[in-house]
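Below is one structure, written out as structure tokens, with a few remarks after it.
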Amino acid sequence: QWLIDRGVTRFVVHLCGDHSRNLETLADLPWPGRTVFSIGEMSLEAVADAFDHKHIIGGNLSTTLLAFGSARKVFGEARRCVEIGRRLPGGFILMPACSMPALTPSENVFAMVLAADAF
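Heads up: the sequence shown is residues 6 to 124, going by this note's numbering.
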């Protein structure tokens, strides 16, 4: 609330790990509209439902897959995320479940971008 009172109009919140049991409590906080919730180990739909589709959900492409998987598998998983995310009324951003590992092969990043563009 302190930040909102000082004019912050949008937050980006990363929910690292599984916060399924905390979603109800988190949803009760006074988030500014269109806050971005970046998620990892949770269902895109469940998080969007918990926040009543008022916010943008980002995620949840496996960080491990990005770093160590094949471009083909990254493309397939990115497609899965986009197919779910594009139906979320609050909006969706395809992004890694956590950070983008520094040693992620460029072909895996390209596969993620191709999937976002294609689907």
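Each residue gets a CB set at the ideal place from its N, CA and C atoms; glycine is no exception.
Could you say which of the options lies nearest to residue i if we only look at CA atoms?
i: A116; options: L66, F16, N27 and S48; result: L66
i: H58; options: T40, G22 and C86; result: T40
i: E112; options: F124, G96 and G74; result: G74
i: G12; options: P106, P37 and F56; result: P37
i: T69; options: I62, E50, L108 and S48; result: L108
Alpha carbon to alpha carbon, how far is residue i from residue j?
i: F16; j: R91; result: 21 Å
i: L93; j: A53; result: 7 Å
i: M100; j: S25; result: 19 Å
i: L71; j: G81; result: 11 Å
Would you identify the three-state DSSP class for residue i, choosing helix, strand or coil?
i: S43; result: strand
i: V18; result: strand
Check whether the Cβ of residue i lies closer than 7 Å to any heavy atom of the ligand FMN, and answer yes or no.
i: H60; result: This structure simply doesn't include the ligand FMN, nor any ligand for that matter.
So residue i packs on residue j, CB below 8 Å; how close in whole Å?
i: A55; j: E29; result: 7 Å
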